[in-house]
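Notes follow once the structure below has been shown.
2 protein chains.
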Amino acid sequence: MPKPSKHVFVCVQRRQEGHPRGCCAQQGGDAVMNAFLTQIQQRNLFNTISVTNTGCLGPCSFGASVLVYPEGIMYGKVTPEDVPAIIDEHLLNDVPVERLKVPEFVWG
Amino acid sequence: MPKPSKHVFVCVQRRQEGHPRGCCAQQGGDAVMNAFLTQIQQRNLFNTISVTNTGCLGPCSFGASVLVYPEGIMYGKVTPEDVPAIIDEHLLNDVPVERLKVPEFVWG
Numbered sequence: 001m002p003k004p005s006k007h008v009f010v011c012v013q014r015r016q017e018g019h020p021r022g023c024c025a026q027q028g029g030d031a032v033m034n035a036f037l038t039q040i041q042q043r044n045l046f047n048t049i050s051v052t053n054t055g056c057l058g059p060c061s062f063g064a065s066v067l068v069y070p071e072g073i074m075y076g077k078v079t080p081e082d083v084p085a086i087i088d089e090h091l092l093n094d095v096p097v098e099r100l101k102v103p104e105f106v107w108g
Numbered sequence: 001m002p003k004p005s006k007h008v009f010v011c012v013q014r015r016q017e018g019h020p021r022g023c024c025a026q027q028g029g030d031a032v033m034n035a036f037l038t039q040i041q042q043r044n045l046f047n048t049i050s051v052t053n054t055g056c057l058g059p060c061s062f063g064a065s066v067l068v069y070p071e072g073i074m075y076g077k078v079t080p081e082d083v084p085a086i087i088d089e090h091l092l093n094d095v096p097v098e099r100l101k102v103p104e105f106v107w108g
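Chains A and B are the protein sequences, given in the same order.
According to the UniProt record's numbering, the first sequence is numbered sequentially starting from 1.
According to the UniProt record's numbering, the second sequence is numbered sequentially starting from 1.
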């Protein structure tokens with residue numbers, strides 16, 4: 001497999017009901033992961049974009065969390081509807097989606 | 001949390017016994033993850049180095065796989081004994097550990 005130009009990490013951490021930190025699974029992490037995989041497949045972007053599910057990325061209260069490297073940009077409260085914008089604007093055109101970035105005090 | 005200067009992703013993917021691709025869990029992924037967490041804690045490196053467990057990173061036959069961003073360097077067949085070298089040489093001194101890199105046809 002070629003080294004991807006962009007690597008998307010999607011938190012799908014699952015914690016038990018009532019856990020004080022919550023988790024991205026409760027905030028749609030799996031659906032976001034599936035949206036990325038579906039889009040990457042439909043648009044045949046496998047050779048340039050990798051997508052990997054992860055455990056906790058840190059900003060649990062801003063889940064679902066999505067982290068893009070090599071830039072190290074953390075998106076928060078991501079929904080499946082946001083995925084096309086992340087792909088079109090950031091992954092393919094190198095313009096991060098400002099409205100989806102977590103606040104600087106969370107990751108910055 | 002501050003944005004880390006290095007972010008280590010450790011594959012801990014688990015597949016059922018006999019699966020043709022195998023998995024990093026069968027090749028010590030959990031022990032490698034624990035070695036990173038223990039070292040980062042003992043050396044108080046939380047503010048500069050993040051460690052995250054992941055699903056499949058791709059090179060299953062070279063597990064346990066460890067991927068370091070922002071450089072995008074993939075290490076293979078990593079054992080807990082290799083973790084201090086990755087921390088000392090690469091994460092703290094920016095010199096990747098050549099002997100642990102996966103071959104270029106795997107990731108390059």
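Using N, Cα and C, we set each Cβ at its ideal position, and we do this for glycine too.
Buried versus exposed, by CB contacts within 10 Å (16 or more), residue i
i: Ser65 (chain B); result: buried
i: Asn44 (chain B); result: exposed
i: Gln16 (chain B); result: exposed
i: Ser50 (chain B); result: buried
i: Pro59 (chain B); result: buried
i: Gln27 (chain B); result: buried
Inter-residue spacing [alpha-carbon to alpha-carbon] between residue i and residue j
i: Leu92 (chain B); j: Ile73 (chain A); result: 21 Å
i: Tyr69 (chain A); j: Gly18 (chain A); result: 32 Å
i: Ala31 (chain A); j: Thr79 (chain A); result: 8 Å
i: Gly76 (chain A); j: Lys3 (chain A); result: 25 Å
i: Thr38 (chain B); j: Ile87 (chain B); result: 12 Å
i: Ile40 (chain A); j: Gly108 (chain B); result: 20 Å
i: Val106 (chain A); j: Cys23 (chain A); result: 16 Å
i: Gln42 (chain B); j: Pro20 (chain B); result: 37 Å
i: Phe62 (chain A); j: Val102 (chain A); result: 7 Å
i: Glu81 (chain B); j: Arg99 (chain B); result: 13 Å
Contact check, residue i vs residue j, beta carbons under 8 Å
i: Gly29 (chain B); j: Val8 (chain B); result: no
i: Phe46 (chain A); j: Val83 (chain A); result: no
i: Thr52 (chain A); j: Leu57 (chain B); result: yes
i: Val95 (chain B); j: Glu104 (chain B); result: no
i: Val97 (chain B); j: Thr54 (chain B); result: no
Residue interval of the beta strand (DSSP E) (run including residue i)
i: Leu67 (chain A); result: 66 to 69
i: Thr54 (chain A); result: 49 to 54
i: Val10 (chain A); result: 6 to 11
i: Met1 (chain B); result: Counting along the chain, Met1 (chain B) falls outside any beta strand (DSSP E), and DSSP gives it neither H nor E.
i: Ile73 (chain A); result: 73 to 75
Closer than 8 Å to chain E by CB, residue i
i: Thr54 (chain B); result: Judged by its chain identifiers, the structure shown contains no chain E, and its protein chains are A and B.
Run of the alpha helix (DSSP H) containing residue i, from where it starts to where it stops
i: Met33 (chain B); result: 29 to 42
* Asked: Which residues, taken in chain order from the region 39 to 72 of chain A, show a beta carbon closer than 9 Å to some beta carbon of chain B?
  -> For the region 39 to 72 of chain A, the set of residues with a beta-carbon nearer than 9 Å to any beta-carbon of chain B comprises Ser50, Thr52, Asn53, Thr54, Gly55, Cys56, Leu57, Gly58, Pro59, Leu67, Tyr69, Pro70, Glu71, Gly72, in chain order.
* Would you list, in chain order, the members of the region 96 to 108 of chain B that have their beta-carbon closer than 8 Å to a beta-carbon of chain A? => Hits within the stretch, in order: Val106, Trp107, Gly108.
* Asked: Residues in the region 73 to 91 of chain B with C-beta within 7 Å of chain A's C-beta atoms, listed in sequence order?
  -> Residues of the region 73 to 91 of chain B with a Cβ closer than 7 Å to any Cβ of chain A: none.
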